[in-house]
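Counting with full-length UniProt numbering, you get residues 1 to 225 for the letters of the sequence shown.
Each residue gets a CB set at the ideal place from its N, CA and C atoms; glycine is no exception.
One structure is given below, encoded as C-alpha cells.
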Amino acid sequence: MDKQDLFRRAKDAIVDADEAKALRIIEEAKNAEFDLLDLLLSGFGAGNDEIGSLFDRGALSLPELIYAAEVMKSVTNTILNLLNENERPVPEKRGRILLATVAGDVHDIGKGIVASTLRTAGFEVIDLGCEVPVETIIEEARRYKADIIGTSALLTSTMTEQKKLEKLLMETGEKESFITMVGGAPCTPRWAKKIGASGYSEDAIEAVKVALQLMKEKEEQEKNS
Ligand code: B1M
C-alpha cells in the first residue's frame, strides 16, 4: 500500500466531504494493518487543515465547513473506536485527567484524539465535552480529584479562558492542587508559560509524553515533601 497515495485520498475525502469514501479508506488501511492514528493525524488531518484554510480564504462557506467537519468527526470516532478495540489493559493507572474544550468553543475533534491517546497510555480520562465554563471545570476537577486539568482552545478569542482558569485557581488557592495542561491550534509553549500553565503539547502524541512527565514530577514532589 502506497502511504502517500493513501494520505492523499484521505485528505480528498475530507475536502470533498465524502463520508462513504473516507470509511472505505479506513477499512482498506485496517485490512493492510496500517497505522490508523498516523492515517487520522497526517492523512485525514491534512484534509481538515485544507478545509480550514479554504474557509479562511473565503473559498468554503460555513455550511460546507460544517458538513466536512461532520465527516472528520465520524472518521475520528470510527478510528478511535477501532484503536480502543485493540487497546491492551494497562497494569496500573497513570493518573486521572479531566479534559474540556473551553467556554465559547465547540471544537472538540482534537480533544477527542487527545482523550484517546491518554486513555491508551493508561490515564483515566474524564471528558467534560465542549463549551465548558472554567467554574464548572474546577468544580468537576475537585469532585473527581483530578491530577491534571487539560483544556483545549481552537479560537484565539477563547484561549483567554485558559488564562481565566489559571487565575481562578490562584484565587481559590488551588493552583498547587492541580497540574494544568493546555493545547489547541492557537496555543504555544510561550502562551502556556505566560499564563502559568504546567504544560503544553502540540499534538495528541506529545500530550501523553507531557502528561507522564508532569505526573512523574508531581510524584517526586510528593515524595520529597
Ligand atoms: Co472552526 N475555526 N470555527 N469549526 N475550524 C478553525 C479553528 C479556524 C482556524 C478555521 C480558519 O478560519 N482557518 C478558525 C479560527 C480562527 C481563529 O480564531 N484564529 C475557525 C473559526 C473562525 C470558526 C467559527 C467562528 C466559524 C464561524 O462560525 N464563522 C466557528 C466557531 C464556533 C465556536 O466554537 N463557537 C467554527 C466552527 C467550526 C465547526 C463546527 C464547523 C468545526 C468544528 C467541529 C468540531 O470540532 N466538532 C470547525 C472545524 C472543523 C475547524 C478546523 C477546520 C479544524 C479543527 C480541527 O478539528 N482540527 C479549524 C482549522 C484548522 O485547525 N485547520 C477551524 C483537527 C484536530 C485533530 O486538530 O483541534 O488542532 P486540533 O487538535 C490537535 C492539537 O491542537 C492538539 O492535539 C490535537 C490532535 O493532535 N490539541 C491538544 C488539541 N487540544 C489539546 C489539548 C491538550 C493537548 C493537545 O492538552 C489538554
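Between S177 and S198, what straight-line distance do the alpha-carbon atoms span, to the nearest angstrom?
-> Sequence index remark: in the sequence shown, residue 177 carries index 177 (1-based). Sequence index remark: in the sequence shown, residue 198 carries index 198 (1-based). C-alpha separation (whole angstroms): 12 Å.
Under the three-state reduction of DSSP, which class applies to V106: helix, strand or coil?
-> Reading the sequence shown from its first residue, position 106 is the one you call residue 106. Note: V106 maps to coil in three-state DSSP.
Report whether the distance from the Cβ of V114 to the nearest heavy atom of ligand 1 is below 6 Å.
-> The residue given as residue 114 occupies position 114 in the sequence shown. For ligand 1, at least one heavy atom lies less than 6 Å from the Cβ of V114.
Which value, in whole angstroms, describes the spacing of the CA atoms of K21 and A13?
-> Translated into positions along the sequence shown, residue 21 becomes position 21. Translated into positions along the sequence shown, residue 13 becomes position 13. When rounded, the distance between both Cα atoms is 6 Å.
Any chance the CB of N77 is under 6 Å from a heavy atom of ligand 1?
-> One-based indexing of the sequence shown puts residue 77 at position 77. No; taking the cut-off as 6 Å, the Cβ of N77 has no heavy atom of ligand 1 nearer than that.
What number of angstroms, rounded off, separates the C-alpha of L6 from the C-alpha of I25?
-> Residue mapping note: residue 6 aligns to position 6 of the sequence shown, counting from 1. Residue mapping note: residue 25 aligns to position 25 of the sequence shown, counting from 1. Their Cα atoms are separated by approximately 7 Å.
Return yes when the Cβ of G150 is within less than 7 Å of the Cβ of I205, no when it is not.
-> Within the sequence shown, residue 205 is the residue found at index 205, counting from 1. Within the sequence shown, residue 150 is the residue found at index 150, counting from 1. In this structure, G150 does not lie closer than 7 Å to I205 by Cβ.
Fully enclosed by the UniProt domain "B12-binding" (94-225), which alpha helix (DSSP H) runs are 4 residues long or longer?
-> 109-120, 134-144, 160-171, 189-195 and 204-224
Any heavy atom of ligand 1 closer than 6 Å to the Cβ of L181?
-> Stepping through the sequence shown from its first residue, residue 181 is reached at position 181. The amino acid occupying residue 181 in the given sequence is Met; Leu does not appear at that position. Within the cutoff, so yes.
Per DSSP, what kind of secondary structure is D18 in: helix, strand or coil?
-> The residue given as residue 18 occupies position 18 in the sequence shown. D18 falls in the coil class under three-state DSSP.
Count the other C-beta atoms from every protein chain shown that fall within 10 angstroms of the C-beta of G95, then say buried if there are 16 or more, exposed otherwise.
-> Counted from its first residue, the sequence shown places residue 95 at position 95. The residue in question, G95, is buried, as its Cβ has 16 or more Cβ neighbours within 10 Å.
N224: beta carbon under 6 Å from a heavy atom of ligand 1?
-> The residue you call residue 224 lines up with position 224 of the sequence shown. False, no ligand heavy atom lies under 6 Å from that Cβ.
Is S198 near ligand 1, with its Cβ less than 6 Å from a heavy atom?
-> Sequence index remark: in the sequence shown, residue 198 carries index 198 (1-based). Answer for S198: no, Cβ out of range of ligand 1.
Please classify G173: is it buried, with 16 or more other beta-carbons within 10 angstroms of its beta-carbon, or exposed?
-> Numbered from 1 along the sequence shown, position 173 holds the residue referred to as residue 173. Per the 10 Å Cβ criterion, exposed.
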